[in-house]
Amino acid sequence: MSNNIKKQSLLGKTPQRKKPTASTNKRQAPTQTRAVKESSVSPELPVTKKSRTGLIAAVILVCAILIIPKPQLLTYEKLGLVTQSVYWPGLFGYGAMLFDSNLQPNVDLARNSLYLCQNNKQPETCQKYRITEQAGFFSALKKLILD
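For the sequence shown, my numbering assigns the number 288 to the initial residue and increments by one for each residue that follows.
What follows is the structure in structure tokens.
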């Protein structure tokens with residue numbers, strides 16, 4: 288009963304209508320595109336670079352652990368007085384120290400003797416101690432943590 292009125296523009300132009308467009312490109316399913324991309328890209332290149340850098344880092348770490356001297360727990364005595372101390376041999380023989388002493392240590396592990404000196408250049412300032420026991424890195428670490 289009502290008449291549909293068509294709208295007209297002033298200069299004879301009609302409003303533009305949107306035409307439904309059929310897509311000319313057929314899209315593949317997402318799982319298929321991922322599978323195609325994964326098969327076309329070789330994942331071996333990034334993995335080998337990561338494994339090489341990881342391998343190089345592991346080799347450097349192992350070499351550092353082997354080269355750097357580790358502390359020892361020494362038990363030494365003189366005139367019946369027994370003492371335990373953590374001994375750090377230093378890097379390449381330089382910078383040897385006992386963690387609980389200001390004296391400079393000279394250790395002769397072949398003869399089980401420890402010389403504690405006020406000055407290494409003057410041998411008369413040294414006192415000789417007999418090493419009774421040597422313990423490894425973990426014992427030294429435990430002693431450092433507990434003291």
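We put the beta carbon where it would ideally sit given N, CA and C, even for glycine.
No experiment lies behind these values; they were computed from the predicted model shown.
- Secondary structure in the stretch 323-405: the alpha helix (DSSP H) runs of 4 residues or longer, each lying completely within the stretch, are 331-354 in chain order.
- DSSP places Lys430 inside the alpha helix (DSSP H), whose first and last residues are Phe424 to Leu433.
- Contact annotation: Val373 and Leu431 have beta-carbon atoms nearer than 8 Å.
- By the neighbour-count criterion, in which a residue is buried when 16 or more other Cβ atoms sit within 10 angstroms of its Cβ, Val394 is buried.
- For Leu378, same chain residues with a beta-carbon under 8 Å away, outside a window of 5 residues either side, are Ile355 and Pro356 in chain order.
- For Thr412, the closest C-alpha among the options Leu428, Gln391 and Gln421 is that of Gln391.
- In the same chain as Tyr416, and ignoring 5 residues on each side of it, the C-beta atoms closer than 6 Å to its own belong to Tyr363, Lys365 and Leu401, in chain order.
- Within 10 angstroms of the beta-carbon of Pro410 lie fewer than 16 other beta-carbons, which makes it exposed.
- Linking Met384 to Cys350 through their CA atoms gives a straight-line distance of about 23 Å.
- In this structure Leu396 is not in contact with Gln414, their Cβ atoms being roughly 18 Å apart against a cut-off of 8 Å.
- Across the structure, Arg339 and Asn406 are spaced so that their CA atoms are roughly 49 Å apart.
- The beta carbons of Gly423 and Gln371 sit no closer together than 8 Å.
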